[in-house]
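Residue numbers (the UniProt record's numbering): 4 to 329.
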Ligand code: ES4
Ligand code: ZN
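1) Are there 16 or more other CB atoms within 10 angstroms of the CB of residue 74, so buried, or fewer, so exposed?
2) Please classify residue 250 as buried or exposed, where buried requires at least 16 other C-beta atoms within 10 Å of its C-beta.
3) Could you tell me if the beta carbon of residue 21 falls within a distance shorter than 7 Å of some heavy atom in the ligand ZN?
4) Nearest to residue 89 by alpha carbon, out of 261, 275, 132, 238?
5) I'd like the list of long-range same chain contacts for residue 108, defined as Cβ closer than 6 Å, with 5 residues on each side in sequence excluded.
6) Only counting runs of 3 or more residues, tell me where the beta strand (DSSP E) segments fall wholly within the segment 179-258, in order along the chain.
7) Is residue 3 near the ligand ES4, in the sense that its beta carbon is under 7 Å from a heavy atom of that ligand?
8) Just list the residues that DSSP pairs residue 142 with in beta bridges.
9) Only counting runs of 4 or more residues, tell me where the alpha helix (DSSP H) segments fall wholly within the segment 104-153, in order along the chain.
10) Ordered along the chain, which non-local residues of its own chain (more than five positions away) have a Cβ less than 8 Å from that of residue 175?
11) For the beta strand (DSSP E) that residue 16 lies in, which residues bound it at each end?
12) Give me the DSSP bridge partner(s) of residue 100.
13) Please state if the CB of residue 78 and the CB of residue 120 are separated by a distance shorter than 8 Å.
14) Hey, is the segment 182-192 in contact with the segment 159-171, meaning 3+ C-beta pairs nearer than 8 Å?
15) Could you tell me the distance, in whole angstroms, from the CA atom of residue 65 to the CA atom of residue 280?
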């Protein structure tokens, strides 16, 4: 019997999305074939069966390994194009997209190849779908501060394509303060700043991201709820938190979606948004995350609308563009 038509997804912005985490098994195998690379999995199903993670590090090991298939400017354009086609179906009207240049330059792919490929697909999506986009260049926090500085300098000729810098990868043991200098340089260059903090790491890392790096948003930040003084600070300054519910469950940051602190975060007055993080790996794109929290946490339509509004309020769009979405 025909299924009932699903209602149109709410228009929303996606603010926490790693483009490398949108690499679906089908595209991974297609790019492997195109580039003459052998993947250590028999087929797409075998690869998908590897998507079972104990923690952030066990996910990152597979995430970095599968990037081996991304080599040419066309590869990066195809990757971003595939994401934006999915995003369009999920109601995304604006996307602020992370990429990890060091994960590619370490394999001999020039940073210009990465940025030019991504930028080509982003420009095309604006034309085809009317989706506006920004790029956020992330530093790998488990690499050295010197490597981050060298990466920032290598990116200088491309900064007109980059809106913000971010900080990602293995959190515990790599506090934000390690990257004080590169974030100061980015701010001096007029870039916005964000950082993953309080995903696996403690509230102290969120404080450092705010007070040492001067970030404009916190990515994840769910562990902020352990520190009432920190919550008060985040509420007072209306610092946005880009929460990723399905990611939190898959990486065992949260035991069960029904236990997710999202409702408590909203009740506390935090400026929370819902995002997909690495949708190919975590079982859903952004509207899939909206529907999952609706079903598991019993969020009503008004709360879902608040989350969608928050996504534009928390974006780096200028005031006029933001108002057009609100
Ligand atoms: C990431 Cl879920 C998550 N956390 C930290 N770094 C990341 N890079 C890609 N996904
Ligand atoms: Zn992330």
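Positions of the beta carbon are idealized from the N, C-alpha and C atoms, including for glycine.
Reading off the structure:
1) Against the chain shown, residue 74 aligns to sequence position 71. The residue is buried, with at least 16 neighbouring Cβ atoms inside 10 Å.
2) As a position in the chain shown, residue 250 is number 247, starting the count at 1. Burial check for residue 250: the Cβ neighbour count within 10 Å reaches 16 or more, so the residue is buried.
3) Counting from one through the chain shown, the residue named residue 21 turns up at place 18. Result yes, Cβ under 7 Å from the ligand ZN.
4) On the chain shown, position 86 is the one that residue 89 refers to. Looking at the Cα atoms, 132 is the closest of the given residues.
5) As a first step, residue 108 is located in the chain shown; it is residue number 105 there, counting from the start. Once the five neighbours on either side are set aside, the close Cβ partners of residue 108 are 114.
6) 195-200, 220-223, 244-246, all fully within the segment 179-258.
7) In this structure the chain extends from 4 to 329, so residue 3 is not present and cannot be described.
8) Within the chain shown, numbered from 1, the residue matching residue 142 stands at position 139. In DSSP, residue 142 forms a bridge with 170.
9) Fully enclosed alpha helix (DSSP H) runs of 4 or longer: 104-108, 114-132.
10) Against the chain shown, residue 175 aligns to sequence position 172. Result list for residue 175: 203, 204, in chain order.
11) Position 13 of the chain shown, counted from the first residue, corresponds to residue 16. Annotation for residue 16: the continuous beta strand (DSSP E) segment containing it runs 15-21.
12) Counting from one through the chain shown, the residue named residue 100 turns up at place 97. Note: residue 100 sits in a beta bridge opposite 20, 138.
13) In the chain shown, residue 120 corresponds to position 117, counting from 1. In the chain shown, residue 78 corresponds to position 75, counting from 1. Yes, Cβ-Cβ distance for residue 120 and residue 78 is below 8 Å.
14) Put simply, the segment 182-192 touches the segment 159-171. At least three CB pairs are less than 8 Å apart.
15) Position 62 of the chain shown, counted from the first residue, corresponds to residue 65. Position 277 of the chain shown, counted from the first residue, corresponds to residue 280. When rounded, the distance between both Cα atoms is 15 Å.
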